[in-house]
Amino acid sequence: LSLGGYWHFEAGKPGPSVLQYEYDPMGNRLAKKKLYVDGPVDIRSEGQYYVRDPQGNVLAVYQYNEENIALVDDKDSLYLEELHLYGSARLGILEKSLSFKVSG
3 LSLGGYWHFE AGKPGPSVLQ YEYDPMGNRL AKKKLYVDGP VDIRSEGQYY VRDPQGNVLA
63 VYQYNEENIA LVDDKDSLYL EELHLYGSAR LGILEKSLSF KVSG
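So the sequence shown is residues 3 to 106, counted in my numbering.
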């Protein structure tokens, strides 16, 4: 399924969860999400967002968790999972969990 040049895929099987993948026009992954449906209101989501430079190199990966998507609450969390370090080439990856408060 193409959405304005961006790709969105869903993969699921009968059960309480669905995987979603989002890609940019160059085929680079922008997001990976897993949705859990535990009832009509209790919907949770977790996954990663990928931040890239104009050439498509990954600069950072953020991990997020959303609880009760249908309700307004303060249980959402966002973490910097990976920070990619570059010089003339990639030097390495800093893996440290930094927490951010998510507000609507």
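Where a beta carbon is used, it is the ideal one built from N, C-alpha and C, also for glycine. Note that the structure is predicted; figures quoted are calculated from it, not measured.
Item	Value
Counted within 10 angstroms of its Cβ, other Cβ atoms place Y52 as buried (16 or more) or exposed	buried
Straight-line Cα distance separating K98 from S47	22 Å
Where K98 sits in the DSSP three-state scheme	coil
Best match in E68, L93, Y64 and G58 for proximity to E83 [C-alpha to C-alpha]	Y64
Cβ shell of Y66 (< 8 Å), same chain only, five flanking positions each side left out	S47, E48, G49, Q50, Y51, D78, S79, L80, Y81 and V104
Distance, H86 Cα to R92 Cα	7 Å
Pick from G29, G89 and S19 that is closest to L61, judged by C-alpha positions	G89
V20 versus K36: straight-line alpha-carbon distance, rounded	6 Å
Cβ-based neighbour list, D55, same chain, cut-off 6 Å, excluding 5 preceding and 5 following	L61
Assumed close pair Y23, R31 - CB separation to whole angstroms, cut-off 8 Å	6 Å
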